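Taking it in order: structure first as structure tokens, then the write-up.
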Amino acid sequence: MPGAPLRVALVGPREDPFTDDPDREHRERMLRSFEEICRDIVTFGTDYTLSREFLGIEYLAATLRREGRQVAVVGAGNEGLDDKALIARLAAFAPDLAGFSLLYDLQLKSALTAARTLKRARPETFIVFGGPLASAISALLLETFPFIDAVVEGEGEAAIARLADAVEGRCALDPVPSLVRRSDGGIVKHNRATPADLDTLPHPARDIIAAIRQRGLPVPSAYLTASRGCKAFCTFCTVPNIVRGMKDGVYRMRDPRDVVDEIEAVTRDHGVTRFYMADDNFLGYGEASNRRMLAFADEILARGLKINFHAECRVDSLVPETLVRLREAGFDQILFGLESGSAKTLKRWAKGQTVEQNEAAVALARELKLDLMPSIILLDWESGLDEVEETIGFIERTRLWRSNQPLWLVNRLKVHCGTAAARRYDNVRGKPDLPPVDVGDADSLARWCAAATYQRTPIENPHVAAFWSALNGEANRWSVLIDEVLPPLLKTLRETSRDAGRGEALARIKRIATFRRSVGGALAGLMRRLVNAAREQENAGHRPDGLDVVARRFVEGFEAELFPEGLETWLAPKPTGLVAMPGAASRSAEAMPAEIG
1 MPGAPLRVAL VGPREDPFTD DPDREHRERM LRSFEEICRD IVTFGTDYTL
51 SREFLGIEYL AATLRREGRQ VAVVGAGNEG LDDKALIARL AAFAPDLAGF
101 SLLYDLQLKS ALTAARTLKR ARPETFIVFG GPLASAISAL LLETFPFIDA
151 VVEGEGEAAI ARLADAVEGR CALDPVPSLV RRSDGGIVKH NRATPADLDT
201 LPHPARDIIA AIRQRGLPVP SAYLTASRGC KAFCTFCTVP NIVRGMKDGV
251 YRMRDPRDVV DEIEAVTRDH GVTRFYMADD NFLGYGEASN RRMLAFADEI
301 LARGLKINFH AECRVDSLVP ETLVRLREAG FDQILFGLES GSAKTLKRWA
351 KGQTVEQNEA AVALARELKL DLMPSIILLD WESGLDEVEE TIGFIERTRL
401 WRSNQPLWLV NRLKVHCGTA AARRYDNVRG KPDLPPVDVG DADSLARWCA
451 AATYQRTPIE NPHVAAFWSA LNGEANRWSV LIDEVLPPLL KTLRETSRDA
501 GRGEALARIK RIATFRRSVG GALAGLMRRL VNAAREQENA GHRPDGLDVV
551 ARRFVEGFEA ELFPEGLETW LAPKPTGLVA MPGAASRSAE AMPAEIG
């Protein structure tokens, strides 16, 4: 009698902030639940990124199911599972093989907690980690956590299929490509798999969308890719962790007809008409890519599909005529990797593009009435005030603050492990020692995860550090207001506007709309005020002093024009469960050097 079929669990862990670190963008530590945010964003404006669909494990699931494997796909955040519920779900399924996909650093803590508990309950389960983050720290994971049996580096379809055979006893681990594992001689890394022909892969399973629907939640978008890889090697980017070692096929595109077949199927089967194109560079490179983009747009139009989609692109990939055709096919939101308005900064980050190209790209997006999502990194640990001033000038000239997401302009370079930026910093400053870790202690595990996945890089110029601390504190405060305080308040006001209090409710709704339209301009003004104050102090040879006060007074003046009675007073009475407004806060103690010469 044949044995039971191999059971495979593929897990997208939930995101769990390491610490209450205000220098990390607020949107990485949302206070409201996925359910609340999902409903509110669909109501007040779709955010294509919100679905957080784990497309990688859905591709793996489709690959395994094509071979007759029994697969459970679990998106912990999408399904509202905390660590305890995730562990219970996995224990009930009793997998023979469990894979954890790590897209971001914030998913590591949850993945380690679940994997350790699963291994203790089922020692026979083979546990494998994969994804961009796991690819960057594969050896470290295996050296530190004995409950992880292996890590897959790079793309996983070929590896997961052979690994399932090995776990089932059909072959040894030796022929499994892209695998990193322990052996008697230490850590062994297998050769990477040959890059897959994307047109031979099955369409990804859509278990996560189905799970969101099953919870009665709206689905803001479905994730989809028309290509894989990127030929650029920006110093801060984690994509090279996936394409590293590929001699050929660093960038590959799918047949446009197959991509549209997938779009049509998702629209038909799941009722989704908004798509988040998760390509690293959607528009690709050169004439061949351009022809495929035109064919993609033509195929959508020929089939009469009424869809919209978001995509991320390099500014040096733009062909205006192609963008016009894509716009007609439903391309309505674009994210450019602008990063900086300083030529010096762009060169240090190996962007391979110019400030002039950035400006032309923004102008083209505006001409086509695309919703432009600004991708700006204001500074890194080496930035001087001149570079920051140049980027602020770029923001002012291009009016990037008019975006629907103006607070996306407030970022500093985050140095992820495995990137060229991390190697550069480590070579100059020395690689930090990792703290000891107790997986059973949440605080200990959080500290280790933070130290292992991104490098803390104190800003060297004290005036830049003071500028960042003051700006980021106020931006965090506005982020809480816009993302978490106002949506439930708007919902309450809309319900009230149908009742006797209609006049007052409508007036409050209009005031909120005015605030949201105005905050981008206020943010740009705050940047300019702070950088000018920092420049004055630096030119005078003074230590940085009082920029947080400058910022607070500026913000108070702006808010007083809209809310003369005071913002806190105007917000009362608050709806039940409304998140409290925080004070402006930034990690100034770490951002500022202890001694300033």
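Position 100 (the sequence shown) corresponds to 100 in full-length UniProt numbering; numbering is contiguous. Note that beta-carbon positions come from the ideal geometry of N, C-alpha and C, so glycine has one too. The model shown is predicted, which means the values in this text are computed figures rather than measured ones.
I'd like to confirm the pairing. Which residues does DSSP put opposite residue i in its beta bridges?
i: V11; result: V74 and F100
i: V152; result: L179
i: S227; result: M253
i: H416; result: Y454
i: E495; result: Its beta-bridge partners do not exist; DSSP assigns none.
i: K189; result: V180
i: P374; result: F336
i: L379; result: R412
So, are the CB atoms of residue i and residue j less than 8 Å apart?
i: V259; j: I209; result: no
i: V11; j: V74; result: yes
i: D105; j: T457; result: no
i: V8; j: L64; result: yes
i: E356; j: W349; result: no
i: A311; j: M277; result: yes
i: R14; j: L81; result: yes
i: N404; j: L378; result: no
i: E262; j: L294; result: no
i: G284; j: V250; result: no
i: S469; j: D548; result: yes
i: C313; j: F282; result: yes
i: G440; j: E390; result: no
i: P544; j: A466; result: yes
i: V315; j: N358; result: yes
i: G337; j: S289; result: no
i: D96; j: V176; result: no
i: A363; j: F296; result: no
i: S497; j: L562; result: no
i: R535; j: I482; result: no
Apart from the five residues just before and just after residue i, which ones in its own chain have a Cβ nearer than 7 Å to its Cβ?
i: A150; result: V128, L179, V180 and R181
i: V437; result: T144, S444, L445 and W448
i: W401; result: I395, L409, G520, G521, L523 and A524
i: I242; result: P132, S135, G154 and E155
i: residue 603; result: With the chain running from 1 to 597 in the structure shown, residue 603 is simply not present.
i: R254; result: L198, D199, A226 and S227
For residue i, count neighbouring Cβ atoms within 10 angstroms of its own Cβ and tell me buried if that reaches 16, exposed if not.
i: P320; result: exposed
i: L434; result: exposed
i: L287; result: What sits at residue 287 in the sequence shown is Glu, not Leu. Burial call: exposed.
i: H463; result: buried
i: E367; result: exposed
i: K351; result: buried
i: C171; result: exposed
i: H190; result: buried
i: K347; result: exposed
i: V428; result: exposed
i: A98; result: buried
i: T419; result: buried
i: N539; result: exposed
i: T200; result: exposed
i: P5; result: exposed
i: D16; result: buried
i: K109; result: buried
i: R303; result: exposed
i: A158; result: buried
In chain order, what residues of the same chain have a beta carbon less than 6 Å from the beta carbon of residue i, not counting five sequence neighbours either side?
i: A365; result: I334 and L372
i: G156; result: L60 and G130
i: A422; result: V415 and Q455
i: L370; result: I334
i: A62; result: P202, P204 and A205
i: T576; result: With a pLDDT of 46 at T576, under the threshold of 50, the modelled position of this residue cannot be trusted; read the value that follows with caution. So the list is empty, once near-sequence residues are dropped.
i: I212; result: N78 and V219
i: F93; result: A9 and A72
i: D386; result: none
i: F554; result: L526 and R529
i: A505; result: L493, T496 and S497
i: M592; result: Since pLDDT at M592 reaches only 35, below the 50 mark, its modelled position is unreliable, and the value read off the structure follows with that caveat. Here the set comprises A465.
With a CB to CB cut of under 8 Å and the five nearest residues on each side skipped, what residues in its chain are close to residue i?
i: D197; result: R252
i: A222; result: S51, E53, R206, I209, V266, H270, V272, R274, F275 and Y276
i: A115; result: A98, F100, I127, F129, F145, F147 and I148
i: F233; result: P240, A350 and A420
i: Y425; result: W381, V415, Q455 and T457
task: Would you mind listing the alpha helix (DSSP H) stretches within the stretch 106-150 that are 4+ residues and don't spill past its ends, in chain order?
output: 108-121, 132-136 and 138-144
query: Enumerated in chain order, which unbroken segments of the beta strand (DSSP E) with a length of 3 residues or greater are wholly contained in the stretch 268-335?
result: 274-277 and 308-313
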